Amino acid sequence: MENATIVYSRKDGSDLLELLKAMWRQKLFILLITMLTVVFGFIYILIAKPRYEALAYLAPAHVGDIAAFNSVMISNDKDNLIPPFTIESVYELLMNEVESTKRTFFNEVYLPTLPASYRQKKSRAQLYKQFDQHFKITKLSSQTRQKIKIVAKANNKEQAAEWINRYIDLVRQKTTKDVLEITEDHRDAVVKILRKEIDMAREVTKQHRNDRLVQLNEALNIAQKIGLKHQTYTTAANMPIEVTAANEPSLLYRRGSIALEAEIQNIKIRKSNEAFVPNLRKLQSQYNFYKNIKLDPGVGKVFSMDGKVEISDVPISPNKGLILTLSFAMGLLLGSFLALLRIFRSMVYLSTQ
């Protein structure tokens, strides 16, 4: 190539013009460097593995999907002792599982696809960083709608789609499991409380029975001492004394010894206090209902799909147009820089002659 020289002329101020002329004389050199970088870019395009992208959006579950979980927790008497799930509470569970499931997916799905020799060369942190570049999760939020964007990139579109579907299945399983575990925890707590209420109600009734016997025996003792065998009546309203005595233990003796002895004997031979326990049947019904609650994992849904899984028909990388454009720009800059070095080297050489 033709060597470049610059002749300085301080009188006419043509330094810049001379530099441009020298650069123009280096045009073939610059073009050669540019063509070389473009060739390297083209070679990269040929040897680089194409990557395809699969995309899916997860949205909060619908009201009907959540209601399916809640419906099995409402007893016949309509008393809901277990807090119902809401769209917000289930979506919060989903959000928590989205990130934790990514680590599970990395261990169970992504790592087995890598050659053993390749896994041995890199640390687990490096492998996860590489995985994180190929599998992205973004939480999107707006005033009207929330959703989760999942993007998987793989060497072929079938694998990208399989990754998306398997990840969504894992998220569904883990979030549904959370719903079931929360329900079981609430159920166990409610059953424990109801069991305690039933036992307390029975114990209270038992104590009332004992107290009643004490009151009746004392009243019987009084009635026998005063010789009162039959009940007396009030003179004001001409009503049986039982109406007043039922709430006034101190007047029980006025029922007479015959009636008192009959009631005492009846209480003593009573085999069970069940019929006298307040609200026992309702408590037992609730206890049996909640104790036997069993949730079917397929009864409801923990999220909804916002559209179908989208799969790119053409590779998203390498971006041929972008790579060739960058190769050309970098070649032009590199060629110009090297041409300048050649020019200044020539200047230094001439100045020493």
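Positions 268 to 620 (the numbering used here) are the ones given, in order, by the sequence shown. Using N, Cα and C, we set each Cβ at its ideal position, and we do this for glycine too. Bear in mind the structure is a predicted one, so any value in this text is a computation, not a measurement.
In the structure shown, Ser579 falls within a coil segment according to DSSP collapsed to helix, strand and coil. The beta carbon of Ser584 lies closer than 6 Å to those of Arg318 in the same chain, with the five residues before and after it left out. The alpha-carbon separation between Ala334 and Leu461 amounts to approximately 24 Å. Rounded to the nearest angstrom, the gap between the Cα atoms of Val376 and Ala456 is 37 Å. When secondary structure is reduced to three states using DSSP, Phe402 falls in the strand class. Pro564 counts as exposed, since fewer than 16 other beta carbons sit within 10 angstroms of its beta carbon. Nearest Cα to Ala328 within the set Lys294, Ile415, Asn559, Gln474: Ile415.
Of Leu286, Phe543, Ala315, Ala321, the smallest CA-CA separation from Lys587 is found for Ala315. Residue state for Ser539 is assigned as coil, using DSSP reduced to three classes. Here Ser409 carries a coil assignment [DSSP, helix/strand/coil].
Here the alpha carbon of Thr368 sits roughly 8 Å from the alpha carbon of Tyr434. By the Cβ neighbour-count rule, Met340 is buried, with 16 or more other Cβ atoms within 10 Å of its own. In the DSSP assignment, Glu320 forms a beta bridge with Lys420. In the DSSP assignment, Met572 forms a beta bridge with Leu325.
Secondary structure note for Tyr358: its alpha helix (DSSP H) is the uninterrupted segment 354-372.
Looking at Arg391, Ile310, Asn363, Ser613, the one whose alpha-carbon comes closest to that of Asn374 is Arg391.
Residue pairing by DSSP places Ser584 opposite Arg318 in a beta bridge. As DSSP reads the structure, Lys414 sits in a beta bridge with Leu407. Looking at the backbone, the Cα of Asp445 and that of Asp436 are separated by about 14 Å.
Taking C-beta separations shorter than 6 Å and ignoring five residues to either side along the sequence, the partners of His401 in its chain run Lys420, following chain order. The C-beta of Val544 has 16 or more other C-beta atoms within 10 Å across all chains shown, which makes the residue buried. With contacts defined by Cβ atoms closer than 8 Å, Tyr324 and Gly574 form a contacting pair.
No Cβ-Cβ contact shorter than 8 Å links Leu483 with Leu518.
Look at Gln474 here: in three-state DSSP terms it is helix. Taking C-beta atoms as the reference points, Thr450 and Ile349 count as a pair closer than 8 Å. A check of alpha carbon separations from Asp580 across Phe352, Ala321, Glu366 identifies Ala321 as the nearest. When C-alpha distances from Gln293 are compared across Phe604, Gln426, Leu313, Ser618, the shortest belongs to Phe604. For Ile333, the enclosing alpha helix (DSSP H) starts and ends at 330-338.
Sequence-distant Cβ neighbours of Leu480 in its own chain, meaning closer than 8 Å and more than five residues away, are Ile531, Ile534, Lys535. Taking a contact to require three or more Cβ pairs closer than 8 Å, the region 550-565 and the region 484-494 do not qualify as touching.
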